[in-house]
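S.K.: Chains W and P supply the protein sequences, listed in that same order.
Using our numbering, you'd call the opening residue of the first sequence number 2 and step up by one each time.
Using our numbering, you'd call the opening residue of the second sequence number 124 and step up by one each time.
Note that the Cβ used here is the ideal one computed from N, Cα and C, for glycine as well.
Computed from a predicted structure; not experimentally measured.
This is the structure, below, for whatever I ask next.
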Amino acid sequence: MSAHLDTSHPTPVIEAESVVVRFSGDSGDGMQLTGIQFSDTTALLGNDLSTFPDYPSEIRAPGGTIAGVSGFQVNFGSREVFTPGDAYDVLVAMNAAALKVELPRLKPGGILIANTAGFDRRSLELAQYPDGVNPLEDGSLDGFTLHKIDISKLTKEALTDSGLSAKEVERSKNMFVLGLLFWLFDKSTEPSIQFLREKFAKHPELAEANVRVIQSGWNYGENAEIFPSRYRVRPATLPAGTYRSITGNQAIAIGLITAAERSGLPLFLGSYPITPATDILQELSRYKANGVKTFQAEDEIAGICAAIGAAYAGSLAATTTSGPGMALKTEAAGLATMLELPLVIVNVQRGGPSTGLPTKTEQADLLMAMYGRHGEAPLPVLAAASPSDCFSMAYEACRLAVEHMTPVVLLSDGYIANGAEPWRIPSEESLQPIRFEFLHQPNGPDGELRPYHRDERGVRPWIKPGTKGLEHRIGGLEKQSETGNVSYEALNHEIMVRQRAEKVERIAQNIPPATLDSGADKAHVLVLGWGSTYGSIKTAVRELLSEGCDVAHVHLRYLNPFPANLGALLAGYEQILVPEMNTGQLLQLIRAKYLVPAVGFSKIQGQPFTTGELKNRILEMLNS
Amino acid sequence: MQVALDEREVKLSPKDFVSGQEVKWCPGCGDYSILKQVQTIFPDLGIPKENFVFISGIGCSSRFTYYMDTYGMHSIHGRAVAIASGVKMANPELSVWVISGDGDSLSIGGNHFIHALRKNFDLNYLMFNNRIYSLTKGQYSPTSERGKVTKTTPFGSIEEPFNPLSLALGANAAFVARTLDRDPKHMQGVLRRAHEFKGAAFVEVLQNCPIFNDGAFFAFSDKNTKNEEAIFLQHGQPLVFGNNAEKGILLDGLTPRVVRLGEDGISASNLWIHDEQDKTKAFLLAHLDEIAAEGEHMPEPFGIIYARERLPYEELMEQQMRAIEARSGRIPLAKILAGNRTWTI
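Written out as structure tokens, the structure is:
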């Protein structure tokens, strides 16, 4: 947070270029809702932003414990923002455990708002502070701008005579924080008040109580005079257009619907609830009026199998999951590869193996997406780079699946799935058309049907059951080239394996070339990334470029096949650094395919890279 | 694969459903009969040939799909009905037939089996039960009887088998029936009923495996034993069996008893009258021999055990979609893209 003072207001307002706020409290404290409301208003008022909800996998871990801390981080700015930020300018700590967890990332001198009610003896003990130690009282926080506020008590006072139960009153304290933060950052409370009135339309007394608490939070900031200054972050200069705030999961859902609407195909989603992918199923369940069929199956396998059935019957079919579900779907994904039916398989990755870190992020399923089927079963793999990019890549996954009659894996991860950013809404016309046709007539010589006859791109026809005269059988057994009849002939198997692989390879002709995100096409160091590391890498490389470093950034969205020009592009750099939230999976693919001495940079902590970490590593390489 | 001429005016015959692929079941396999009966009844079901779809899993039974000249998918082990449910949801116009075996349905595919019946997709589910794994050459299956000696149970199976009828009823199946490979007429009748039934129609077909479990069900088809060991149910009719139709079953509370007609003043009107819609009695039928009074042996029931229609899943799905569309209208794509809150720069 940096910039100049404006003293025209009773409390002086400081202009800032960008600010990182972290809301942190117990799982039940409503920090996610507070963070989302704060971010939405911030976005609405024209800031660019990036959010990072960071919560435990337990719905309600034991109250007041370190395990139960739930955080929401937002970085908003008057310039472009690509990450939620490395360190916090402002930390709201609703209890002692939250402070304990978050303090290491509060910037020196940063603003710390602590709810004193969350620092009683019991809370301090749960947060594992030594007996008799209260960080709010022992001077250990002198390096920060500490504001001790009894938020619980002030909320109670605001709601005397409200008729709400003690529990309901206690649960409203997050709205006090929201109101106070709106005051601190000179933002209107109106959008959130409107949101609350809509949300509690059937319980106006709840809505009004929450509104009252927001206003008392605002008034507290205005009247208590404990804050020496307020902060203003001017609207960012983003490209002209209409924007909305979007999370990665929302963007995938909307991308799938958009592909259905643009192609004219009915959308079918077969899925099973799993963190962090469930939102996609939930979101799509709301679009029944548009003919979207969502099917919550009995398990992950039935989810993909129902989708395969729907694809066979002529739908645009998808299944959504995360790592453990992906593992269960592999046999069926192999069937879809063998049948050569269009299918979109979305894997919102999380920390693994096994149940791993369900609510934390990781990029460790890339090789599984590439190779995780028995037999030679290649399929296209795409990866979204940011929350809004999830829209484009979900649309692309549908386009490639349908145009090339193949299952496509789309990789997202928990970080971009739940994180939000402003998204410039695309015009319908700007979307690439999805070209396909169903076969209605026999396609072989002599009026025969050839279900596995391939066109010049190696693609077989899509034939819907119900089409008169084209009755035929498909299946998981190896099939004769052209006719699709079962064949155990030795040479035919090799031909079919190669044809299926070649079909996927040729998709390289139907995807955009890899382009430079930042920097020049020749440089000392290229940072090559994929997936959700985009924002951190972009920020790090841009900062280094502005510091005069000889560095460039390429970000891959198409991982199988790679863009046709990637080999030539890589040749322009002396060194290649591949940062990944895994032990080096893209690294292996790149080294194997292009025989370049790329170097990996791993982080496997369930947390995204910070810009600082990346800059340090890149600098090491530049200086080596 | 030769495409047939325009059949609009041509009446279909069983031959029209023969795919021309060489049938590769073992000589004497009960599957031949099932294929024959299906091909026999299909021409006059009133369904355009192109609307039939067969989805099968893995096992000897599941090769069935390749032999029918209809649309079909030979899929993966245990998953046929999961795939079929997707086909049916995507296009409710299709007549969907699931072909599976006892291992495919009740072991690896058990989860899909119970949920598909519960959800009640309008499809026909033929489970060929030979009480053995045949394609893998003779291991016990979830329906193999206790003590069964197979390659994986050389000292006899210690497992309690599934009772498929009871399992289907327990899963809230709307239609549960049983027939057998060696009674073509009976099978044709049951298959027609399954087809006519709107909802998930589960048909257990007792099927002989001549190689690994030969004769398992001969008692129900052999002339000398059939009338004593099998009872063929008819809705609204008393439960009568025996070589001279001289025996009947009556219910003494919840205990079935075999009685002789004409003895002790018992006439047909005293007997248990089969009611397809009575679920409690359907459970009793599924366990007939098990729940008989001590020392009493009961015949095995064949026919429609239970049949009570309720709206199929895909129809409810379509209804709900239409209702929501009528109420709130299709959401324009621009509105979907924009969401609830936008701002313009």
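Give, in chain order, every unbroken run of the alpha helix (DSSP H) that is at least 4 residues long and sits entirely within the segment 260-298 of chain P.
M.R.: Fully enclosed alpha helix (DSSP H) runs of 4 or longer: 287-293.
S.K.: Quick one: Cα of W/A333 to Cα of W/L478, how far?
M.R.: Answer to the nearest angstrom: the Cα atoms are 13 angstroms apart.
S.K.: Taking only runs of the beta strand (DSSP E) that begin and end inside the segment 249-318 of chain W, which ones reach a length of at least 3 residues, in chain order?
M.R.: The qualifying runs are 268-272 and 294-297.
S.K.: Please tell me whether W/N220 and W/A418 are closer than 8 angstroms, where the distance is taken between their beta carbons.
M.R.: The answer is no: Cβ separation not under 8 angstroms.
S.K.: Alpha carbon to alpha carbon, what distance is there between W/G110 and W/R543?
M.R.: Cα to Cα, the separation comes out at about 26 angstroms.
S.K.: Mind checking which residues open and close the alpha helix (DSSP H) that includes P/E438?
M.R.: Here the alpha helix (DSSP H) through P/E438 covers Y436 to S451.
S.K.: Would you list the one or two residues that DSSP bridges to W/D414?
M.R.: DSSP lists W/Q350 as partners of W/D414.
S.K.: In the DSSP assignment, find the unbroken beta strand (DSSP E) run with W/W531 in it and report its ends.
M.R.: Here the beta strand (DSSP E) through W/W531 covers A524 to W531.
S.K.: Quick check on the burial criterion: 16 or more other C-beta atoms within 10 angstroms. Buried or exposed for W/S1?
M.R.: Residue 1 of chain W is absent from the model: chain W starts at 2 and stops at 625.
S.K.: Could you tell me the distance, in whole angstroms, from the CA atom of P/A300 to the CA atom of P/Y429?
M.R.: In a straight line, the C-alpha of P/A300 is about 7 angstroms away from that of P/Y429.
S.K.: Would you call the CB atoms of W/N96 and W/I150 closer than 8 angstroms?
M.R.: Not closer than 8 angstroms, so no.
S.K.: If you measure from the beta carbon of P/V126 to each beta carbon in chain W, is any gap under 8 angstroms?
M.R.: For P/V126, the predicted model reports a pLDDT of 48, less than 50, meaning its position is unreliable and no value from the coordinates is stated.
S.K.: Got a sec, what are the start and stop residues for the alpha helix (DSSP H) W/R618 sits in?
M.R.: Counting along the chain, the alpha helix (DSSP H) containing W/R618 begins and ends at T612 to L623.
S.K.: Would you mind telling me which residues of chain W sit closer than 9 angstroms to P/H197, beta carbon to beta carbon, in chain order?
M.R.: Simply R474, I475, G476, G477, L478 and V487.
S.K.: Give, in chain order, every residue of the segment 198-210 of chain P whose Cβ lies closer than 9 angstroms to some Cβ of chain W.
M.R.: So the list reads S198, I199, H200, G201, R202, A203, V204, A205, I206, A207, S208, G209 and V210, given in the order they occur along the chain.
S.K.: In three-state DSSP terms, what is P/M124?
M.R.: Unreliable placement is indicated for P/M124, whose pLDDT of 44 sits below 50; the coordinate value is still reported in the next sentence. Residue state, collapsed to three classes: coil.
S.K.: Is it buried or exposed for W/G335, if we count other Cβ within 10 angstroms and need 16 for buried?
M.R.: Counting Cβ neighbours within 10 Å, W/G335 comes out buried, since at least 16 surround it.
S.K.: Take every Cβ of the segment 607-624 of chain W, pair it with every Cβ of the segment 136-144 of chain P, and state whether three or more of those distances are shorter than 8 angstroms.
M.R.: Counting Cβ pairs under 8 angstroms, fewer than three are found: no touch.
S.K.: Within this structure, are the beta carbons of W/T276 and W/S58 separated by less than 8 angstroms?
M.R.: Cβ atoms of W/T276 and W/S58: closer than 8 angstroms.
S.K.: I need the DSSP call for P/W148, collapsed to helix, strand or coil.
M.R.: If DSSP states are grouped into helix, strand and coil, P/W148 belongs with coil.
S.K.: Please report how far the alpha carbon of P/L460 lies from the alpha carbon of P/S198, in whole angstroms.
M.R.: Roughly 37 angstroms separates the two Cα atoms.
S.K.: With a threshold of 8 angstroms between beta-carbons, can W/G72 be considered close to chain C, or not?
M.R.: This model lacks chain C altogether, as its protein chains are W and P.
S.K.: For W/I253, which residues from the same chain have a beta carbon less than 7 angstroms from its beta carbon, with the 5 sequence-adjacent residues on both sides left out?
M.R.: The answer, listed in chain order, is I281, V347, C391, A395 and S413.
S.K.: Could you round the C-beta distance between W/L113 and W/F145 to whole angstroms and report it? I think they count as a contact, below 8 angstroms.
M.R.: The pair is a contact, with the Cβ atoms about 5 angstroms apart (cut-off 8 angstroms).
S.K.: Return the chain-ordered ranges of every beta strand (DSSP E) run that is complete within the segment 399-485 of chain W and spans a minimum of 3 residues.
M.R.: Qualifying beta strand (DSSP E) stretches, in chain order: 408-414, 421-425 and 474-476.
S.K.: Start and end of the alpha helix (DSSP H) containing W/S193?
M.R.: Start and end: E191 to K200.
S.K.: Which partner residues does P/M196 have in the DSSP bridge list?
M.R.: The partner list for P/M196 (beta bridge, DSSP) reads W/I475 and P/I178.
S.K.: Run the CB neighbour count on W/Q1, radius 10 Å, all protein chains shown included, and call it buried at 16 or more, exposed below.
M.R.: This structure cannot speak to residue 1 of chain W, because chain W is shown only from 2 to 625.
S.K.: I'd like to know whether the C-beta of W/K188 is nearer than 8 angstroms to at least one C-beta of chain P.
M.R.: Chain P contact via Cβ: absent.
S.K.: Is W/T238 helix, strand or coil by DSSP?
M.R.: Three-state result, W/T238: coil.
S.K.: Assign P/M124 to buried or exposed, taking buried as 16 or more other Cβ atoms, counted over all protein chains shown, within 10 Å of its Cβ.
M.R.: Reliability of the predicted coordinates at P/M124 is poor, the pLDDT of 44 falling under 50, and the value obtained from them is presented with this limitation in mind. So P/M124 ends up on the buried side.
S.K.: Quick one: grab the DSSP three-state call for P/W220.
M.R.: Residue state, collapsed to three classes: strand.
S.K.: From the beta carbon of P/Q443, is the nearest beta carbon of chain W less than 8 angstroms away?
M.R.: It does; some Cβ of chain W falls within 8 angstroms.
S.K.: Can the beta-carbon of W/G536 be found less than 8 angstroms from the beta-carbon of W/F83?
M.R.: Yes, Cβ-Cβ distance for W/G536 and W/F83 is below 8 angstroms.
S.K.: Tell me whether P/K308 is buried or exposed, calling it buried when 16 or more other Cβ atoms sit within 10 Å of its Cβ.
M.R.: Label assigned to P/K308: exposed.
S.K.: Are any of the Cβ atoms in chain W nearer than 8 angstroms to that of P/M250?
M.R.: Cβ-Cβ to chain W under 8 angstroms: no for P/M250.
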